[in-house]
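Beneath this line is the structure, given in structure tokens, with notes to follow.
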Amino acid sequence: ARPGAQARGATALPARLSARAWLLADWESGEVLAACRAHERLAPASTLKMLFADTVLAKFPRTDRHTVTAADLAGLPEGSSLVGIQPGTTYTVEQLWQGVFLRSGNDAVHVLAAMNGGIARTVAEMQARAADLQALDTRVVSPDGYDHPGQLSSAYDLTLFARHGLKNADFRGYCGTRTADFPAGGAKTFQIQNTDRLLTGSWGLRTYDGMIGVKNGYTTHAGNTFTGAAVRGGRTLLVTVMHPAAGANAVYEETAALLDWGFAQGGAARAVGALVDPLSEGGARAGGPSGQRG
-3 ARPGAQARGA TALPARLSAR AWLLADWESG EVLAACRAHE RLAPASTLKM LFADTVLAKF
57 PRTDRHTVTA ADLAGLPEGS SLVGIQPGTT YTVEQLWQGV FLRSGNDAVH VLAAMNGGIA
117 RTVAEMQARA ADLQALDTRV VSPDGYDHPG QLSSAYDLTL FARHGLKNAD FRGYCGTRTA
177 DFPAGGAKTF QIQNTDRLLT GSWGLRTYDG MIGVKNGYTT HAGNTFTGAA VRGGRTLLVT
237 VMHPAAGANA VYEETAALLD WGFAQGGAAR AVGALVDPLS EGGARAGGPS GQRG
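Following the working numbering, the numbering of the sequence shown begins with -3 at its first residue and continues without gaps.
Structure (structure tokens):
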């Protein structure tokens, strides 16, 4: 493990963890079981879409329909990941979220943001949600997570987003969907597949046993980022890995190694910190008399 790693387990941490920052936590209790540079502010790439979903998902019923306009897609960053949304085509809200979660489609994000009142409003709401979640390392510039100066998060904050998002049944359902049929205009559809390689078992990786989701990301600036969740024996663990040294599969391999370590510890691993609860749900303010942010 890299210098700065913290863990109190019965066995040593996995060897060859190259990620710049990472965190392993228990979803239910919020106990941080191991971490390395968990609060270092780094470019999040598309893992920031977890915060977007946690902010906007509950606003629109999944059966609502929206006909996309060219204005909805204005300002898409060059080189964006796209699901293939076309102006003039009508999509259900469910299909738009499938585009976000499965294909990491910035076009789907921009359409949903337009439905929500625009990019600026959505960014402001995401920043407010981050504040409520006590994700103090996060600064939102765009809802899609694409590289922008000053757009930053941390392994700790991304894990907070996943933990809270997974409490929502729709969020959990979308991030765990492997494939879906997506509108191609008229009555035609095409199949989209989730880009989470531990969920689908693609690109030379096996499906991780018990994998729930949640979200991967990649840009040339951020490198690879990933937050994953898996359940075994009734216990759900969360892992965030940011900026591994090299290789498109490293972010998944290191996530799997940390999950394996966490599940193998059982109750032997003692907490090295804690995921704070949202202020709106009674969480103690981080850094206050009874608050902590491990």
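Note that CB positions come from ideal geometry on N, CA and C, so glycine has one too.
### Query
Can you round the beta-carbon distance between residue 143 and residue 218 to whole angstroms, since I take them to be within the 8 Å contact cut?
7 Å
### Task
Can you check DSSP and say which residues form a bridge with residue 27?
270
### Message
Can you look up residue 81 in the DSSP assignment and give me helix, strand or coil?
### Response
coil
### Message
Using C-beta distances below 7 Å, list every residue in its chain close to residue 201, excluding the 5 sequence neighbours before and after it, in chain order.
### Response
193, 194, 245, 248
### Query
What's the gap between the Cα of residue 121 and the Cα of residue 79?
24 Å
### Task
Label residue 150 either buried or exposed according to how many other C-beta atoms from any shown protein chain fall within 10 Å of its C-beta, with 16 as the threshold for buried.
buried
### Task
Please name the residue, chosen from 56, 41, 4, 237, that lies closest to residue 73 on a Cα-to-Cα basis.
41
#### Entry: Those residues which DSSP pairs with residue 232 across a bridge
227
### Query
Is the CB-CB distance between residue 50 and residue 275 below 8 Å?
no
### Message
Can you tell me whether residue 62 is helix, strand or coil according to DSSP?
### Response
strand
#### Entry: Secondary structure of residue 117, DSSP reduced to three states
helix
#### Entry: Buried or exposed by the 16-neighbour rule on C-beta atoms within 10 Å, applied to residue 345
Only positions -3 to 290 of the chain appear in the structure, and residue 345 is not among them; the question remains open.
#### Entry: Host alpha helix (DSSP H) of residue 189 (start-end)
Here residue 189 belongs to no alpha helix (DSSP H); instead the beta strand (DSSP E) covers 185 to 189.
### Message
Quick check: residue 33 and residue 0, are their CB atoms within less than 8 Å of each other?
### Response
yes
### Segment contact flag, the segment 224 to 236 with the segment 158 to 166, C-beta cutoff 8 Å, min 3 pairs
yes
#### Entry: Whole-Å CB distance - residue 251 paired with residue 268, under 8 Å assumed
Between residue 268 and residue 251 the Cβ distance is about 18 Å, and since that is not below 8 Å, they are no contact.
### Query
With C-beta atoms as the reference, is residue 210 less than 8 Å away from residue 118?
no
### Query
Just how far apart, CA to CA, sit residue 279 and residue 181?
46 Å
### Message
I'd like the list of long-range same chain contacts for residue 242, defined as Cβ closer than 8 Å, with 5 residues on each side in sequence excluded.
### Response
14
### Query
Just to confirm, are residue 254 and residue 10 a CB contact at a threshold of 8 Å?
yes
#### Entry: Reference residue 48; option with closest CA among 229, 100, 203, 132
100
### Query
What residue does the beta strand (DSSP E) around residue 301 start on, and which one ends it?
Lying outside -3 to 290, the shown extent of the chain, residue 301 is not represented and no answer is given.
### Task
Label residue 95 either buried or exposed according to how many other C-beta atoms from any shown protein chain fall within 10 Å of its C-beta, with 16 as the threshold for buried.
buried
### Message
Could you compute how far the alpha carbon of residue 45 sits from the alpha carbon of residue 138?
### Response
10 Å
### Query
Do residue 20 and residue 235 have their C-beta atoms closer together than 8 Å?
yes
### Query
Since residue 147 sits in a beta bridge, which residues does DSSP pair it with?
Answer is none; residue 147 lacks a bridge partner.
### Task
Could you work out which residue in 112, 16, 229, 104 is closest to residue 262 when comparing CA atoms only?
229
#### Entry: Other residues of its chain near residue 174: CB distance less than 7 Å, five sequence neighbours each side excluded
189, 190, 195, 196
### Task
Please state whether DSSP places residue 237 in a helix, a strand or coil.
strand
### Message
For residue 152 and residue 35, which I take to be in contact (beta-carbon distance under 8 Å), what is that distance rounded to the nearest angstrom?
### Response
5 Å
### Task
Determine the direct distance from the alpha carbon of residue 233 to that of residue 178, and round the result to whole angstroms.
31 Å
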